[in-house]
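Worksheet for the structure shown next.
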Amino acid sequence: MKSPTSNQLIWVENTKIIAAFAVVILHVSGNLLAKASLGNLEWWAADIYNSFVRWCVPVFIMTSGFLLLKSNKTESISSFYRRKFPRILIPLIFWSLFYRSILAAKGLLSGEPISIMDFIRQFSSPYYHLWYLYMLAIAYLFIPFAKKLIRNLTTNETLTLCVLMFCLAAVNSALNAFLFNNNNVLTNWLLLSPPYLLAGHLIGNANHKKFTTPALLVFILSGLLTAIGCYFLTRITNLDKGQYFYSYTSITVIPMSIAIFYLLGSIKSYVLSKAITQKTAKISFGIYLAHPFFIQIMLNLGFDATLFNPIVSIPLIVLLLFVSAAISSTIIDCIPHLKRIIG
268 MKSPTSNQLI
278 WVENTKIIAA
288 FAVVILHVSG
298 NLLAKASLGN
308 LEWWAADIYN
318 SFVRWCVPVF
328 IMTSGFLLLK
338 SNKTESISSF
348 YRRKFPRILI
358 PLIFWSLFYR
368 SILAAKGLLS
378 GEPISIMDFI
388 RQFSSPYYHL
398 WYLYMLAIAY
408 LFIPFAKKLI
418 RNLTTNETLT
428 LCVLMFCLAA
438 VNSALNAFLF
448 NNNNVLTNWL
458 LLSPPYLLAG
468 HLIGNANHKK
478 FTTPALLVFI
488 LSGLLTAIGC
498 YFLTRITNLD
508 KGQYFYSYTS
518 ITVIPMSIAI
528 FYLLGSIKSY
538 VLSKAITQKT
548 AKISFGIYLA
558 HPFFIQIMLN
568 LGFDATLFNP
578 IVSIPLIVLL
588 LFVSAAISST
598 IIDCIPHLKR
608 IIG
């Protein structure tokens with residue numbers, strides 16, 4: 268397969284920025300959703316914003332699939348691991364320590380210090396958004412083998428495999444939500460990345476001009492069904508069950524993610540200026556890693572989406588958080604060695 272053209276690189280850079288922005292929307296609206304009363308304006312605003320950005324993590328995975336599965340370059344498995352795993356492990360270790368230390372410091376200042384053993388036990392599970400790095404590490408284990416597999420499959424065979432894996436992941440997501448109470452975390456991680464990696468490979472190399480209108484309709488319909496489905500299921504059961512529709516492999520988020528990735532691939536010009544787009548795309552992983560720190564600062568200052576109309580407050584807060592995380596990541600990226608903590 269040919270190396271990506273300049274147009275392909277443009278849409279990939281755009282996609283990284285837009286997906287990072289969507290992650291911030293996800294977390295800001297999620298905080299509001301957790302404390303709003305079901306069915307009021309705050310709840311619906313949070314639900315709709317949240318529903319229409321559930322594609323953010325799948326799009327990050329699909330972007331990785333496009334970039335990592337496209338190459339015909341011969342590379343040993345050990346070489347791939349040496350090149351890729353430090354870019355995950357160093358940020359994972361640093362940010363895990365960073366966020367856990369902040370929690371420990373807050374406990375100490377509030378008169379509720381935690382013991383050293385309790386501090387260590389906290390590392391038995393991922394902190395908040397850092398689960399993505401664990402999932403990505405698992406995915407990277409299989410990338411070299413997936414590349415060899417794809418080289419020996421036709422496009423139709425790869426598509427068939429992708430569809431089958433999506434079906435398996437969707438069934439697992441439903442079973443996990445309704446029967447296993449979301450306890451099957453490892454299985455979720457194992458089944459999340461493979462279909463999206465393959466989808467990224469297939470869609471990233473497709474003609475993005477043919478089906479833009481159908482893709483837009485699928486995106487809008489899937490987003491609406493996600494929001495409405497979450498409301499009714501929450502009303503019938505509870506929010507934990509209702510958030511099945513928020514799962515990255517739910518029956519609504521899968522088509523929404525595929526549709527938006529296809530649409531993003533059709534954008535052949537920079538969403539910002541060329542220089543700003545390239546720089547922001549470079550630090551998009553840093554924005555993902557750092558933005559919860561600024562969310563916590565805002566919450567501690569009493570500044571959240573409930574201050575005024577959430578339809579307006581959510582995007583304004585998201586913009587402020589995104590810019591704050593981007594500035595901090597830019598500074599980190601300028602410091603030799605330290606920049607490794609943002610990949």
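Here the numbering used here is used: the first residue of the sequence shown is 268, the next is one more, and so on. For each residue, glycine too, the CB sits at the ideal point set by N, CA and C.
Extent of the continuous alpha helix (DSSP H) run through D611:
Coverage of the chain is limited to positions 268 through 610, which leaves residue 611 absent and any answer about it impossible.
Enclosing alpha helix (DSSP H) for D314 [first to last residue]
Annotation: the continuous alpha helix (DSSP H) that includes D314 extends over L308 to S318.
Spatial neighbours of L531 within its chain, please: CB distance less than 8 Å, with the 5 preceding and 5 following residues excluded, ordered by chain position.
Correct list, in chain order: W278, N281, T282, I285 and V326.
Any alpha helix (DSSP H) of 4 or more consecutive residues that is wholly inside the segment 349-405:
Runs of the alpha helix (DSSP H) inside the segment 349-405: 383-388.
Leaving aside the five residues before and after D616 along the sequence, list all residues of the same chain whose C-beta is less than 6 Å from its C-beta, in chain order.
Because residue 616 is not part of the residues shown, which for the chain are 268 to 610, the question remains open.
Measure the alpha-carbon distance for K477 versus R388 and round it to whole angstroms.
Rounded to whole angstroms, K477 to R388 spans 52 Å at the Cα level.
Hey, quick one: how far does the alpha helix (DSSP H) through H604 stretch, first residue to last?
Segment: none, H604 is in no alpha helix (DSSP H) and carries neither H nor E.
Taking L488 as the reference, give the member of G509, N472, V538 and I518 with the closest Cα.
Considering only alpha carbons, the answer is I518.
Among N419, E309 and D314, which has the Cα closest to the Cα of L336?
Taking each of N419, E309 and D314 in turn and checking the Cα distance to L336, the smallest one comes out for N419.
Which class does T341 belong to by DSSP, given the choice of helix, strand or coil?
T341: coil per DSSP, three-state reduction.
Could you name the residues of the same chain whose beta carbon sits closer than 6 Å to that of A287, not counting the 5 residues immediately before and after it, in chain order?
The beta carbon of A287 sits closer than 6 Å to those of S551, I554 and Y555, all from its chain and outside the five residues before and after it, given in chain order.
State the DSSP-derived secondary structure class of V538, mapped to helix, strand or coil.
It is coil, neither helix nor strand.
Beta-carbon spacing of V324, Y529 below 8 Å
Using a Cβ distance threshold of 8 Å, V324 and Y529 do not count as a contacting pair.
In chain order, each alpha helix (DSSP H) run of at least 4 residues that lies wholly inside the segment 505-573:
Runs found: 506-509, 520-532, 541-549 and 551-567.
By Cβ distance, which residues of its chain are closer than 7 Å to G297, with the 5 residues on each side in sequence left out?
Counting only residues of its own chain and dropping the five nearest sequence neighbours on each side, G297 has a CB closer than 7 Å to the CB of N317.
Between I417, I315, L370 and Y394, which lies nearest to I564 when the distance is taken from Cα to Cα?
The residue among I417, I315, L370 and Y394 with its C-alpha nearest the C-alpha of I564 is L370.
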